[in-house]
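Numbering (this note's numbering), first residue to last: 990 to 1324.
All C-beta atoms in this analysis are idealised placements derived from N, C-alpha and C, irrespective of residue type, glycine included.
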């Protein structure tokens, strides 16, 4: 077995042990009940609605990414790395995902992919990278990990005037777990999640299926939530990325060439969904925003608009051409 395989196995074992410890020791039945009572008793008319930051101010972000799930996270992370004029990256958290190549080892694969991207961008060691949590087993009990600890720590060291934005491109596990671990972070953090759901009917998306408990927690808890609910149309034909992405440094070459690892990634209608999240943060004017009633999410993932959960900010659309032009312009700095 290769050394890298041993390291991956060790990290996976540690993650599982931490997770089991968290269920048996950290989160008691009393604590579980207190969370449930707090959420049930909260006056959601006071739920804060985030505002997109002005273009004159840097936004402090933590990127929570299932980076090895497919190929769009890599493009999103690349745009973030090349947008230091707008984004101040505090660090990365590797997220879980559930597909035939993911599952229990998905967090470690995401972790390694984030490190690989930083290396391709010439930014090896420039940002801390942490492993996130396995999916939540219970609605009001966090799934513990070093990544969740990092989110909580960073949020508690932030202020309401300068909150940290936790940008989740995959499952909601680490966002929800961080909130459940310390609800105080809702005062100094903004939760930005890639849902791309079937609004207004169902909370239906790959990012939801991997951790339904976490997704439901985001909607049902008094957190400042931005739902990025679009991006399906962010297509990029192979010939376009060959011309506009591949020529620009090791990073550009990597972003294009990873498309060759699967037939689906090479199709002209392959969506680069998560790229939209970062583009919307860098240039909010590219997107369409609306303040909406926050729905409750039933166990079958049906949205229920009861008017009892306050309001959230929803991104309903983003300009396709403007999004890719933003990435292409930033990539030119690498040549």
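What separation, rounded to the nearest whole angstrom, lies between the Cα atoms of residue i and residue j?
i, j, result
"residue 1279", "residue 1180", "16 Å"
"residue 1317", "residue 1022", "50 Å"
"residue 1254", "residue 1274", "28 Å"
"residue 1108", "residue 1085", "22 Å"
"residue 1120", "residue 1087", "16 Å"
"residue 1304", "residue 1218", "6 Å"
"residue 1319", "residue 1240", "12 Å"
"residue 1071", "residue 1018", "45 Å"
"residue 1309", "residue 1257", "14 Å"
"residue 1296", "residue 1118", "38 Å"
"residue 1115", "residue 1061", "22 Å"
"residue 1127", "residue 1093", "18 Å"
"residue 1111", "residue 1055", "21 Å"
"residue 1306", "residue 1224", "14 Å"
"residue 1053", "residue 1090", "19 Å"
"residue 1035", "residue 1214", "13 Å"
"residue 1177", "residue 1083", "22 Å"
"residue 1042", "residue 1198", "30 Å"
"residue 1300", "residue 1039", "10 Å"
"residue 1290", "residue 1123", "20 Å"
"residue 1132", "residue 1292", "25 Å"
"residue 1271", "residue 1281", "22 Å"
"residue 1164", "residue 1269", "19 Å"
Does DSSP put residue i in a helix, in a strand, or in coil?
i, result
"residue 1154", "strand"
"residue 1216", "strand"
"residue 1053", "strand"
"residue 1122", "coil"
"residue 1224", "strand"
"residue 1034", "helix"
"residue 1305", "strand"
"residue 1083", "strand"
"residue 1311", "helix"
"residue 1317", "helix"
"residue 1191", "strand"
"residue 1282", "strand"
"residue 1092", "helix"
"residue 1291", "strand"
"residue 1203", "helix"
"residue 1144", "helix"
"residue 1027", "helix"
"residue 1135", "helix"
"residue 1129", "coil"
"residue 1012", "Note that residue 1012 scores a pLDDT of 48, beneath 50, so its modelled location is shaky; the value from the coordinates is reported in the next line. Three-state result, residue 1012: helix."
With a 10 Å radius around its C-beta and 16 neighbouring C-beta atoms as the bar for buried, classify residue i as buried or exposed.
i, result
"residue 1030", "exposed"
"residue 1161", "buried"
"residue 1059", "buried"
"residue 1027", "exposed"
"residue 1284", "buried"
"residue 1210", "buried"
"residue 1146", "exposed"
"residue 1237", "buried"
"residue 1221", "exposed"
"residue 1032", "exposed"
"residue 1216", "buried"
"residue 1277", "exposed"
"residue 1183", "buried"
"residue 1324", "exposed"
"residue 1025", "exposed"
"residue 1134", "buried"
"residue 1097", "buried"
"residue 1321", "exposed"
"residue 1014", "Low confidence applies here, because residue 1014 scores a pLDDT of 45, under 50, leaving its location unreliable and the question unanswered by this model."
Cβ contact (3+ pairs, closer than 8 Å) linking the stretch 1199 to 1206 and the stretch 1165 to 1175: Three or more Cβ pairs closer than 8 Å define a contact, and the stretch 1199 to 1206 meets that threshold against the stretch 1165 to 1175.
Given 8 Å, three or more beta-carbon pairs between the stretch 1259 to 1268 and the stretch 1307 to 1317: At 8 Å Cβ cutoff, the stretches touch.
The stretch 1150 to 1164 touching the stretch 1048 to 1057, judged by at least three CB pairs closer than 8 Å: Three or more Cβ pairs closer than 8 Å define a contact, and the stretch 1150 to 1164 meets that threshold against the stretch 1048 to 1057.
Touching by the beta-carbon criterion (3+ pairs, under 8 Å), the stretch 1098 to 1106 and the stretch 1063 to 1078: Judged by Cβ distances under 8 Å, the stretch 1098 to 1106 makes contact with the stretch 1063 to 1078, as three or more pairs qualify.
At least 3 beta-carbon pairs within less than 8 Å: the stretch 1227 to 1246 vs the stretch 1179 to 1193: Result no; under three Cβ-Cβ pairs closer than 8 Å.
Cβ pair count under 8 Å reaching 3, the stretch 1068 to 1082 against the stretch 1135 to 1148: Segments in contact, yes.
The stretch 1190 to 1200 contacting the stretch 1233 to 1247, beta-carbon criterion three pairs below 8 Å: The stretch 1190 to 1200 is not in contact with the stretch 1233 to 1247.
Residue ranges of each beta strand (DSSP E) within the stretch 1156 to 1186, 3 or longer: 1178 to 1183, all fully within the stretch 1156 to 1186.
4-residue-minimum alpha helix (DSSP H) runs that sit fully inside the stretch 1222 to 1258, ordered along the chain: Every alpha helix (DSSP H) of 4 residues or more that sits fully in the stretch 1222 to 1258 is shown, in chain order, as 1227 to 1233 and 1238 to 1246.
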